[in-house]
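Here is the structure we will look at, set down as structure tokens.
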Amino acid sequence: MTAIYSRIIGTGSALPERVLTNADLEKFVDTSDEWIRTRTGIRQRHVAAEGQTTGDLALAAAERALAAAGVKASELDLIVLGTTTPDLVFPSTACLVQHRLGANGCAAFDVNAACSGFVYALGVADKFIRSGQSKKVLVIGAETLTRMVDWSERETCVLFGDGAGAVVLEPSGEPGIYATCLHADGGFKELLYNPVGVSAGFRDEPNHGVRIRMAGREVFKVAVKTLDALVGETLEAAGMHEADIDWLIPHQANLRIIEATAKRLNMSMDRVIVTVDQHANTSSGSVPLALDYAVRSGKVQRGQNLLLEAFGGGFTWASALLRY
Ligand code: ACO
Numbered sequence: 643m644t645a646i647y648s649r650i651i652g653t654g655s656a657l658p659e660r661v662l663t664n665a666d667l668e669k670f671v672d673t674s675d676e677w678i679r680t681r682t683g684i685r686q687r688h689v690a691a692e693g694q695t696t697g698d699l700a701l702a703a704a705e706r707a708l709a710a711a712g713v714k715a716s717e718l719d720l721i722v723l724g725t726t727t728p729d730l731v732f733p734s735t736a737c738l739v740q741h742r743l744g745a746n747g748c749a750a751f752d753v754n755a756a757c758s759g760f761v762y763a764l765g766v767a768d769k770f771i772r773s774g775q776s777k778k779v780l781v782i783g784a785e786t787l788t789r790m791v792d793w794s795e796r797e798t799c800v801l802f803g804d805g806a807g808a809v810v811l812e813p814s815g816e817p818g819i820y821a822t823c824l825h826a827d828g829g830f831k832e833l834l835y836n837p838v839g840v841s842a843g844f845r846d847e848p849n850h851g852v853r854i855r856m857a858g859r860e861v862f863k864v865a866v867k868t869l870d871a872l873v874g875e876t877l878e879a880a881g882m883h884e885a886d887i888d889w890l891i892p893h894q895a896n897l898r899i900i901e902a903t904a905k906r907l908n909m910s911m912d913r914v915i916v917t918v919d920q921h922a923n924t925s926s927g928s929v930p931l932a933l934d935y936a937v938r939s940g941k942v943q944r945g946q947n948l949l950l951e952a953f954g955g956g957f958t959w960a961s962a963l964l965r966y
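Take 643 as the starting number for the sequence shown in the numbering used here and just add one per residue.
Set out below in structure tokens:
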């Protein structure tokens, strides 16, 4: 029997219009462009306008991905959306986007795996296609993380931005996604979390305590070590070698973490897609934003092998190795 793979047939992305540069941040928080650039590689980030939601960005990215794929929203039979900043507690942002697209009736749900949300969603969607359950799938990563940033906390506020990316998948006899690896370890919760939820920490006051708590240096160390092991595991699962990878498309949190993963793969930085300088850390939005940039700029070509990876709160970590 011919193996069924899922193949990316279109990509799209969306960013809020407003750009906040490091120089802008210098005006209201005790930081410097030099500190931010040398520690993280970030030069600027996009920030959602008042009233602009994760769903708005997700919708725009989805429309672009569907147009690139030549697929009508009514053809979709599944929408999986990675986010940790949903518009509402419920319905899911996937349901809100489904209705706005006019794809009513298909399955739609959110995946919360923090910064690994898009790669998790891609892994889930891949299983739906491989099982024969779904034929046209929209996978989105979208966030408005700046909504839970405390702009007076220099340790965190310089790191994050808003944005969304999306892909359309369909079944194919040819690869396609070779392998996905998804992991989590809830034992690391204290190093990166937001203490406010519905069942815990909730108080009906504007912005009560809703802010990112992060032990940056510890997160950094675990991220580098974990991603090092993850890329090895992914190559093995796909039966491939480092030299088979054409492009690394990593989660865009910190240029130094990205460089460490590239070094582990013996890849020069000209084979790594870097957007962290422009977008900062957009959590679930980061990998699909980088992928769409890579496709639309003509860097990534059909037939090339891409390694996608992400690491985030949970901790969660995930990868996908695919032929574009
Ligand atoms: N501007 C100026 N100085 C700052 C700032 C700032 N924005 N933030 C912290 N500092 C100061 C600290 O107070 C500290 O001062 P001290 O030495 O007087 O105590 C000094 O800079 C050094 O701080 P470190 O924590 O050692 O800096 P480090 O080199 O580790 O970089 C950073 C910090 C950028 C947070 C890094 O650890 C990191 O990127 N960690 C990964 C965290 C991350 O990416 N989280 C996002 C979500 S998870 C993910 O996506 C991977």
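For every residue, glycine included, the Cβ atom is placed at its ideal position computed from N, Cα and C.
Item	Value
Check: residue 673 C-beta below 6 Å from any heavy atom of the ligand SAH	Absence of the ligand SAH from the depicted structure is noted, with the ligand ACO being the only ligands included.
Cβ distance (whole Å) where residue 702 is taken to contact residue 656 below 8 Å	4 Å
Run of the beta strand (DSSP E) containing residue 696, from where it starts to where it stops	Counting along the chain, residue 696 falls outside any beta strand (DSSP E), though it belongs to the alpha helix (DSSP H) covering 696-711.
Check: residue 800 C-beta below 6 Å from any heavy atom of the ligand ACO	yes
Contact check, residue 929 vs residue 936, beta carbons under 7 Å	no
Any 3 or more C-beta pairs closer than 8 Å across the region 819-833 and the region 707-724	no
Reference residue 737, options 782, 771, 860 and 775, closest by Cα	782
Candidates 887, 761 and 829: closest to residue 807 by CA position	761
contact_flag[the region 895-906, the region 674-694] where n(CB pairs < 8 Å) is 3 or more	yes
Classification of residue 944 by the beta-carbon crowding that lies within 10 angstroms, buried from 16 upward	exposed
Contact the region 688-707 vs the region 746-757: 3+ CB pairs below 8 Å	no
Start and end residues, alpha helix (DSSP H) containing residue 883	Neither: residue 883 is in no alpha helix (DSSP H) and is coded neither H nor E.
Near the ligand ACO: residue 861 beta-carbon under 6 Å from a heavy atom	yes
Best match in 955, 777 and 876 for proximity to residue 964 [C-alpha to C-alpha]	876
Exposed unless 16 or more other CB atoms sit within 10 angstroms - verdict on residue 815	exposed
Unbroken beta strand (DSSP E) run spanning residue 907, endpoints	Note, residue 907: premise wrong, no beta strand (DSSP E); not H, not E.
Burial state of residue 908, where buried means 16 or more other Cβ atoms lie within 10 Å	exposed
Residue 939 - DSSP class collapsed to helix/strand/coil	coil
Assumed close pair residue 869, residue 903 - CB separation to whole angstroms, cut-off 8 Å	5 Å
Residue 797: first and last residue of the uninterrupted alpha helix (DSSP H) it sits in	796-799
Near the ligand ACO: residue 871 beta-carbon under 6 Å from a heavy atom	no
Whole-angstrom distance between residue 796 and residue 673, CA atom to CA atom	7 Å
Residues bridged to residue 686 (per DSSP)	663
Element boundaries [alpha helix (DSSP H), containing residue 764]	759-772
Any non-hydrogen atom of the ligand ACO within 6 Å of residue 968 CB	This structure cannot speak to residue 968, because the chain is shown only from 643 to 966.
Residue environment, residue 768, which counts as buried when at least 16 other CB atoms sit within 10 Å	buried
Alpha-carbon to alpha-carbon, residue 835 and residue 855	5 Å
At least 3 beta-carbon pairs within less than 8 Å: the region 836-852 vs the region 912-927	no
heavy atom of the ligand ACO below 6 Å from residue 670 C-beta	no
Nearest-angstrom Cα separation, counted from residue 774 out to residue 800	44 Å
Residue 789 CB to nearest heavy atom of the ligand ACO below 6 Å	no
Beta-carbon contacts of residue 956 that lie in its chain and below 6 Å, excluding the five residues immediately before and after	756 and 826
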